[in-house]
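Below you'll find the structure, written out as structure tokens, and then a few comments.
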Amino acid sequence: MRPMEGVVKDYAWGSPTAIPQILGTEATGAPVAEYWLGAHPSGPARIDHETLDALIAESPELLGEPTRERFGGKFPYLLKILAANAPLSLQAHPSPEQAAKGFADEEAKHIPIDDPSRTFKDTWPKPELLAALGPFEALGGFRDPHETAELFDALEPAQSIEKLVAPLRHRSAELALAEVFLDCLCPDESHTAMLEGVLAAAVNHAEDQGALGDFARLAIQLDEARPGDPSILAALLLNHFWLEPGQALHIPAGVLHAYVKGTGVEIMANSDNVVRGGLTPKHIDVKVLVDMLSFTPSKPDILVAEPIGPGLSRYPNQDDQFSLWRITPQTGVAVELPAQDAPRILLVIEGGAELSDAAGAAGQLRKGRAGFIEAGEQLSLRGDCLAFLAGPGISR
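The sequence shown begins at 1 in the UniProt record's numbering and counts up by one.
Written out as structure tokens, the structure is:
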């Protein structure tokens with residue numbers, strides 16, 4: 001195992017304290033949104049003063065034969081700590097076909113990779129899974145349109161919102177959601193008035209219990225983060241839910257979502273392809289987003305790690321690019337780290353871990369530290385800790 005140092009991303013929605021507390025670094029008051037551990041060119045981790053992508057290019061055998069053959073020598077996943085203090089953008093991620101086509105189209109237009117108007121940074125899809133470290137608030141998947149219409153009606157806004165809710169009541173689910181969603185992202189003056197009416201009415205229900213209170217508080221919360229943003233109405237079409245610590249959210253291609261608040265360990269395919277529709281000052285591409293979305297009402301999968309041995313459990317997902325294991329060793333019992341034929345990253349969130357191989361001690365990791373484990377390296381772990389192990393999905 002080789003110690004590795006990740007890359008901090010200081011996006012404006014980040015928490016100023018959550019990631020510094022895990023890493024053991026000083027909180028400066030500036031937002032710290034993500035901590036990247038991987039080989040993505042936008043932020044490759046470092047090992048022995050060398051970036052992980054450069055190290056793999058020099059020594060592809062570190063990936064192991066199955067990973068090299070399946071992914072063409074590319075490191076397949078990106079592990080992160082994510083800490084949201086404010087809502088992220090309303091977004092979705094492409095399928096493999098959509099990513100390849102979108103990248104080729106933008107290359108043909110000669111849009112530089114670092115251009116703010118660029119949507120597709122690579123040719124890969126970006127399924128993702130986030131495991132909550134504490135209570136985690138999120139939006140994901142379209143709510144049943146009839147339920148959404150009832151929630152808007154129950155607010156009893158002074159201004160008419162019939163233009164917004166009528167399609168939700170009377171059209172088929174997919175057509176209704178597509179029509180209203182597109183209208184909300186291409187607003188006119190009537191949408192501004194509707195938003196103002198919804199927000200004014202939400203204040204009157206902010207103390208309510210149940211679904212209506214949640215709906216009202218969400219509207220207020222989104223407006224505090226993005227005052228007057230018309231895409232707030234689009235966000236209110238989504239399911240609103242909370243993860244408990246240890247639960248995970250899986251987001252496949254084409255599912256509209258937005259993380260709202262909380263801290264988690266996130267793993268995804270090694271891609272930075274994000275197609276945004278609102279709640280952000282960054283580049284928005286409504287046409288591409290609408291073309292890739294599924295408008296079928298659905299709730300994202302909330303997963304619980306499944307035990308596979310003492311102190312070791314795995315989040316069930318079917319993505320080839322990644323798997324995520326949760327490690328909570330029992331006192332005095334060693335955990336054999338799985339996926340020994342693949343490249344892995346071990347991240348300690350709480351406590352400390354001692355690693356051993358057949359020859360004896362193989363290193364230690366304390367809270368906030370990570371290590372790269374090359375293919376073929378057989379390690380066991382002991383210690384009073386909470387840790388996560390990432391690896392390719394093909395090596396479950």
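Glycine included, each C-beta is placed from N, C-alpha and C at the ideal position. This one's a predicted model, so the numbers in the text were calculated from it and none came from an experiment.
Sub-8 Å separation of residue i and residue j beta-carbons
i: residue 79; j: residue 37; result: yes
i: residue 340; j: residue 357; result: no
i: residue 143; j: residue 297; result: yes
i: residue 267; j: residue 128; result: yes
i: residue 112; j: residue 118; result: yes
i: residue 393; j: residue 320; result: yes
i: residue 370; j: residue 347; result: yes
i: residue 344; j: residue 388; result: no
i: residue 381; j: residue 335; result: yes
i: residue 198; j: residue 211; result: no
i: residue 159; j: residue 292; result: no
i: residue 155; j: residue 92; result: no
i: residue 355; j: residue 277; result: no
i: residue 53; j: residue 39; result: yes
i: residue 200; j: residue 157; result: yes
i: residue 61; j: residue 261; result: no
i: residue 194; j: residue 232; result: no
i: residue 279; j: residue 90; result: yes
Local Cβ density within 10 Å of residue i, reported as buried at 16 or more and exposed below that
i: residue 205; result: buried
i: residue 110; result: exposed
i: residue 132; result: buried
i: residue 192; result: exposed
i: residue 250; result: buried
i: residue 366; result: exposed
i: residue 281; result: exposed
i: residue 308; result: exposed
i: residue 333; result: exposed
i: residue 122; result: buried
i: residue 27; result: exposed
i: residue 141; result: buried
i: residue 25; result: exposed
i: residue 29; result: exposed
Proximity test, residue i beta-carbon vs the ligand SAH heavy atom, cut-off 7 Å
i: residue 180; result: The ligand SAH is not part of the structure shown, which contains no ligands of any sort.
Nearest residue (CA-CA) to residue i, options the options
i: residue 284; options: 120, 48 and 12; result: 120
i: residue 290; options: 279, 275 and 299; result: 275
i: residue 216; options: 258, 151, 315 and 239; result: 151
i: residue 244; options: 258, 234, 263 and 232; result: 263
i: residue 323; options: 395, 45, 277 and 149; result: 395
i: residue 173; options: 155, 149, 318 and 43; result: 149
i: residue 270; options: 43, 21 and 8; result: 43
i: residue 139; options: 255, 106 and 376; result: 255
i: residue 338; options: 199, 237, 101 and 374; result: 374
i: residue 353; options: 329, 372, 2 and 160; result: 329
i: residue 101; options: 130, 211, 288 and 242; result: 288
i: residue 246; options: 134, 208 and 355; result: 134
i: residue 9; options: 18, 31 and 2; result: 31
i: residue 239; options: 76, 295, 304 and 20; result: 295
i: residue 96; options: 189, 272 and 223; result: 272
i: residue 182; options: 209, 130 and 286; result: 286
i: residue 187; options: 57, 208, 163 and 224; result: 163
i: residue 130; options: 314, 376 and 368; result: 314
i: residue 19; options: 196, 265 and 88; result: 265
i: residue 49; options: 368, 7, 71 and 88; result: 7
i: residue 71; options: 35, 153, 207 and 342; result: 342
i: residue 376; options: 57, 63 and 171; result: 63
For residue j and residue i, the rounded distance between their alpha carbons
i: residue 331; j: residue 364; result: 17 Å
i: residue 74; j: residue 213; result: 47 Å
i: residue 5; j: residue 46; result: 5 Å
i: residue 234; j: residue 221; result: 14 Å
i: residue 248; j: residue 318; result: 14 Å
i: residue 259; j: residue 108; result: 33 Å
i: residue 384; j: residue 390; result: 19 Å
i: residue 59; j: residue 65; result: 12 Å
i: residue 350; j: residue 2; result: 19 Å
i: residue 306; j: residue 312; result: 8 Å
i: residue 77; j: residue 94; result: 16 Å
i: residue 299; j: residue 242; result: 12 Å
i: residue 116; j: residue 372; result: 32 Å
i: residue 445; j: residue 67; result: Not covered by the structure: residue 445. The range shown for the chain is 1 to 396.
i: residue 310; j: residue 303; result: 19 Å
i: residue 257; j: residue 51; result: 31 Å
Within-8 Å CB hit, residue i to chain C
i: residue 333; result: The displayed structure is made up of one protein chain only, and chain C is not part of it.
The stretch 155-169 / the stretch 223-232 touching (three or more Cβ pairs under 8 Å): Pairwise C-beta distances place the stretch 155-169 out of contact with the stretch 223-232, as fewer than three of them are shorter than 8 Å.
Counting pairs of beta carbons, one from the stretch 172-184 and one from the stretch 134-151, are three or more of them closer than 8 Å? Of all C-beta pairs linking the stretch 172-184 to the stretch 134-151, three or more are shorter than 8 Å, placing the two stretches in contact.
With three or more beta-carbon pairs closer than 8 Å as the criterion, would you say the stretch 10-18 touches the stretch 81-100? Verdict: yes, contact present.
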